[in-house]
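Chemist: Okay, handing you the structure first.
Residue numbers (the working numbering), protein chains in the order written: chain A, 771 to 1058; chain B, 771 to 1058.
See the structure below:
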């Protein structure tokens, strides 16, 4: 699916003039190793491969929360920038919500600002979170049962689980799914998932989904991402999803891998969203 | 529950100076009989009983959609108005979304604008739709099982079903419920509701919920409202909910009636939201 999105992005970029006028994505972060740095490396690499301009905006510790807000405000005003992404989650006293609130909806290409999230309910066009669109693209690519089907979302974050649940309930051409949202306070996860044909999981809890809780023959799209100690790796750790692949082998109909799976598609989606924002902001036609 | 909300509203109003400086709710509508007129009568009556100022702003047909937008913009700027409600749904070419988009979040006391809906996902404080808060108040007043329980919402409108589902998933002090959203395209409603302890229904489909689809012993909060022909009434019609009371009698644990039930609490909630908006906009303390 990343390939299909990348083709669309390249196609749209052919219309871009050379030099500084093409689409530009700015990624605002603290320059630290951590959960965001993996995503950041993916953005940099994809932008280079596709020919999008990519700006890293590093917030120094001395700049702090007010510096972050000011930087995002400046990027909103900067006509040469078409998409802005802000590292999240951010530890206090950084206020992610205040920072992203500086951004007009069109430039919020990760679809995590209040305006874009609200549009998921009102049906007005906007950017949906790239990771949610990527999870849906994975499900559709592998023809997993979601259209008109009972599906579950495990996880209720405001930037992943909840917007994904809203997208899944959407009317045609949306999936029209009957959606169950489960989470850490769900007393009986197996029962909550018992009727689901496809399960999207974004809890960030390694090995949460085993054959004990996943119904036999159900499909799992794994959006979870957590670090597990692994002495065999040079880094001493490896990234894992929410699903336990050993337990689900020969039990689930399908399981998207972590790493791989939804991750690379999210980056491709983000690049496409940036090109789409550039088209909107510069008055170009959006291709059908 | 309406009584408890009204007490809180009266308590807050004691701090209001006499005359034009107290809280004021403006209700913008087309002055026609229809689904909104019942709600409008309730607003007028409640405002009079509680001592809130209430302004009706009637949009003439000649003013049309642009007149509606201009009127809401003027009310947003009017410092003597603290809450604004716009008739909805509105038939085309009226653009409800464009009208409500003129309003700052604090004055959107029915919680149906994009900013307030988006805040349901980001967790920033804002107004949630009055009807959703009312349905939760009804469930809590009658101690229906929602806290940490499997519950269902039947209906996926952006102003009722979806925001209610988001509120139900909220962490403590929210209900922490495991929520299933079902709708007109749910292929097997009985199966979708089979694990639910409490069912909130807002489909606007009379007699949708019978003992065929509601599990025995489940509770039903009825937010549906539709008009049914009734030759025995002077008006020739009566208002009914989504639930079939005859079918659910002796089967459901509890059923909130329509009319009555959630309706009057919605009006009380709207009045409270207006007082709360007045407190915020005039820099008064919000009581705990």
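Quick reminder that beta carbons are idealized off the backbone N, C-alpha and C, glycines included.
Residue 922 of chain B lies in the beta strand (DSSP E); which residues open and close that run?
Modeler: 920-924
Chemist: Candidates A/952, A/991, A/861 and A/1008: which alpha carbon is nearest residue 728 of chain A's?
Modeler: Past the edges of chain A, shown from 771 to 1058, lies residue 728 of chain A, and the structure says nothing about it.
Chemist: So the alpha helix (DSSP H) residue 911 of chain A belongs to, where does it begin and stop?
Modeler: 900-911
Chemist: Please return the same chain residues whose Cβ sits closer than 8 angstroms to the Cβ of residue 877 of chain B, not counting the five positions on each side in sequence.
Modeler: Cβ within range, chain order: 845, 846, 851, 852, 853, 854, 1047 and 1051.
Chemist: Suppose you measure from the CA of residue 1036 of chain A to the CA of residue 977 of chain B; what does that come to, to the nearest Å?
Modeler: Each residue's alpha carbon lies about 43 angstroms from the other.
Chemist: Could you give the distance in angstroms between the alpha-carbon of residue 1012 of chain B and the alpha-carbon of residue 822 of chain A?
Modeler: 52 angstroms
Chemist: Relative to the C-alpha of residue 975 of chain A, which residue among A/1010, A/983, A/894 and A/863 is closest?
Modeler: A/1010
Chemist: Any beta carbon from chain A within less than 8 angstroms of residue 978 of chain B's own beta carbon?
Modeler: no
Chemist: Output yes if chain B places a C-beta closer than 8 angstroms to the C-beta of residue 953 of chain A; else output no.
Modeler: yes
Chemist: Among residues of its own chain, excluding the 5 on either side of residue 1043 of chain A, which ones have a beta-carbon nearer than 7 angstroms to its beta-carbon?
Modeler: 853, 879, 897 and 900
Chemist: Under 8 angstroms Cβ to Cβ from residue 891 of chain B, same chain only, skipping five residues before and after it: list those, please.
Modeler: 936
Chemist: Give me the chain A residues within the contact set of residue 933 of chain B, using Cβ-Cβ distance strictly less than 8 angstroms, ordered along the chain.
Modeler: 891
Chemist: Secondary structure at residue 879 of chain B, three-state DSSP: helix, strand or coil?
Modeler: coil
Chemist: Got a sec, what are the start and stop residues for the beta strand (DSSP E) residue 803 of chain A sits in?
Modeler: Per DSSP, residue 803 of chain A belongs to no beta strand (DSSP E) and is neither H nor E.
Chemist: Which chain B residues are close to residue 885 of chain A, counting only those with a beta carbon under 8 angstroms from its beta carbon?
Modeler: 884, 885 and 888
Chemist: The beta strand (DSSP E) with residue 1009 of chain A in it runs from where to where?
Modeler: 1007-1010
Chemist: Given a cut-off of 8 angstroms, decide if residue 780 of chain B and residue 820 of chain B are closer than it, judged by their beta-carbon atoms.
Modeler: Taking 8 angstroms as the Cβ cut-off, residue 820 of chain B and residue 780 of chain B qualify as a contacting pair.
Chemist: How would you label residue 920 of chain B, buried or exposed, when you count the other beta carbons within 10 angstroms and need 16 or more for buried?
Modeler: buried
Chemist: In chain order, which continuous runs of the beta strand (DSSP E) of length 3 or greater are located wholly inside the stretch 965-1040 of chain A?
Modeler: 968-971, 989-992, 996-999 and 1007-1010
Chemist: From the beta carbon of residue 855 of chain B, is the nearest beta carbon of chain A less than 8 angstroms away?
Modeler: no
Chemist: For residue 1043 of chain B, return the contacting residues in chain A, with the cut-off set at a CB-CB distance below 8 angstroms.
Modeler: In chain order: nothing, as chain A lies at least about 17 angstroms away.
Chemist: Between the C-alpha atoms of residue 808 of chain A and residue 1003 of chain A, what's the straight-line distance to the nearest angstrom?
Modeler: Taking the straight line joining both Cα atoms gives about 16 angstroms.
Chemist: Helix, strand or coil, according to DSSP, for residue 777 of chain A in the structure here?
Modeler: Here residue 777 of chain A sits in helix by DSSP.
Chemist: Work out the CA separation of residue 771 of chain A and residue 986 of chain A for me, nearest whole Å.
Modeler: 26 angstroms
Chemist: Roughly how many angstroms lie between the CA atoms of residue 917 of chain B and residue 957 of chain A, to the nearest whole one?
Modeler: 11 angstroms
Chemist: For the putative contact between residue 1030 of chain B and residue 972 of chain B, defined by C-beta atoms under 8 angstroms, what is the C-beta separation to the nearest angstrom?
Modeler: Not really, about 16 angstroms apart at Cβ, beyond 8 angstroms.
Chemist: CA-CA distance, residue 834 of chain A and residue 843 of chain A?
Modeler: 14 angstroms
Chemist: What are the boundary residues of the alpha helix (DSSP H) that includes residue 887 of chain A?
Modeler: 884-892
Chemist: Comparing the C-beta of residue 1058 of chain A with each C-beta of chain B, is any distance below 8 angstroms?
Modeler: The pLDDT assigned to residue 1058 of chain A is 42, lower than 50, so where the model puts this residue is not dependable, and the model offers no usable value.
Chemist: Can you tell me which of the three DSSP states residue 797 of chain B falls into?
Modeler: strand
Chemist: Measure the C-alpha to C-alpha separation of residue 799 of chain B and residue 818 of chain B and round it to an integer number of angstroms.
Modeler: 19 angstroms
Chemist: How many Å lie between residue 810 of chain A and residue 968 of chain A at the Cα?
Modeler: 29 angstroms
Chemist: Find the residues of chain A that neighbour residue 949 of chain B, judging by a C-beta separation of less than 8 angstroms, and give them in chain order.
Modeler: 950 and 951
Chemist: For residue 1000 of chain B, I'd like the list of residues in its chain whose CB is within less than 8 angstroms of its CB, leaving aside the five on either flank, ordered along the chain.
Modeler: Excluding residues within five positions, the ones whose Cβ falls inside 8 angstroms are 1006, 1007 and 1008.
Chemist: Closer than 9 angstroms between beta carbons: that is the criterion. Which residues of the stretch 890-909 of chain B meet it against chain A?
Modeler: Residues passing the 9 angstroms Cβ filter: 890, 891, 892, 893, 894 and 896.
Chemist: Can you give me the start and stop residues for the beta strand (DSSP E) that residue 856 of chain A sits inside?
Modeler: 853-856
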